[in-house]
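Enquirer: Residue 35 is where the sequence shown starts when you use my numbering, and the numbers rise one by one after that.
Where a beta carbon is used, it is the ideal one built from N, C-alpha and C, also for glycine.
Because the structure is a prediction, the values reported are computed rather than measured.
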Amino acid sequence: MNIRIFLAALFLFVLAAAPIGNNQAGFTYTMAQAGEGGMAKVSLLLKKLSSSMASIKDFDELEQAGMPKADVDRMRRAMNEKINQMTEEAITLIQSL
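In structure tokens form, the structure reads like this:
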């Protein structure tokens, strides 16, 4: 549940992050282009992160279907590591905008 709250806050932060420029039209245009590319990357990364988080529920179903608990736990740990890595990447990408 805490991860969902974090993702919601991260998504709102991304939506609120607008490219900032000065009075020079060329500079503002360049910042807007850089912001759009960065925002597209952030959006894609958040979609992947959300999909990965949703897949954690599948592990419970695998366990109920008869897969050994040790295997399910190993898969769950690997997915949690992947989620943590993508979260760090998203934070780094947002900070670079």
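How many angstroms separate the CA atom of Ser84 from the CA atom of Ala99?
Expert: Counting from one through the sequence shown, the residue named residue 84 turns up at place 50. Counting from one through the sequence shown, the residue named residue 99 turns up at place 65. Taking the straight line from one Cα to the other gives about 24 Å.
Enquirer: Specify the secondary structure class of Ala59 as computed by DSSP and reduced to three states.
Expert: Locating residue 59 in the sequence shown gives position 25, counting from the first residue. Since pLDDT at Ala59 reaches only 48, below the 50 mark, its modelled position is unreliable, and the value read off the structure follows with that caveat. In the structure shown, Ala59 sits in a helix (DSSP, three-state: H, G or I).
Enquirer: If you follow the alpha helix (DSSP H) that Leu127 is in, where does it begin and where does it stop?
Expert: Counting from 1 along the sequence shown, the entry for residue 127 is found at position 93. Looking at the DSSP string, the run of the alpha helix (DSSP H) that includes Leu127 is Lys103 to Ser130.
Enquirer: Given a threshold of 16 other Cβ atoms within 10 Å of its Cβ, counted over all protein chains shown, does Leu80 qualify as buried or as exposed?
Expert: If you number the sequence shown from 1, residue 80 lands on position 46. Buried is the call here.
Enquirer: Return the CA-CA distance between Asn104 and Ile128, expressed in angstroms with no decimal places.
Expert: Along the sequence shown, read from residue 1 onward, the residue named residue 104 stands at position 70. Along the sequence shown, read from residue 1 onward, the residue named residue 128 stands at position 94. Correcting the residue type first, residue 104 is Ala in the shown sequence and not Asn. Answer to the nearest angstrom: the Cα atoms are 36 Å apart.
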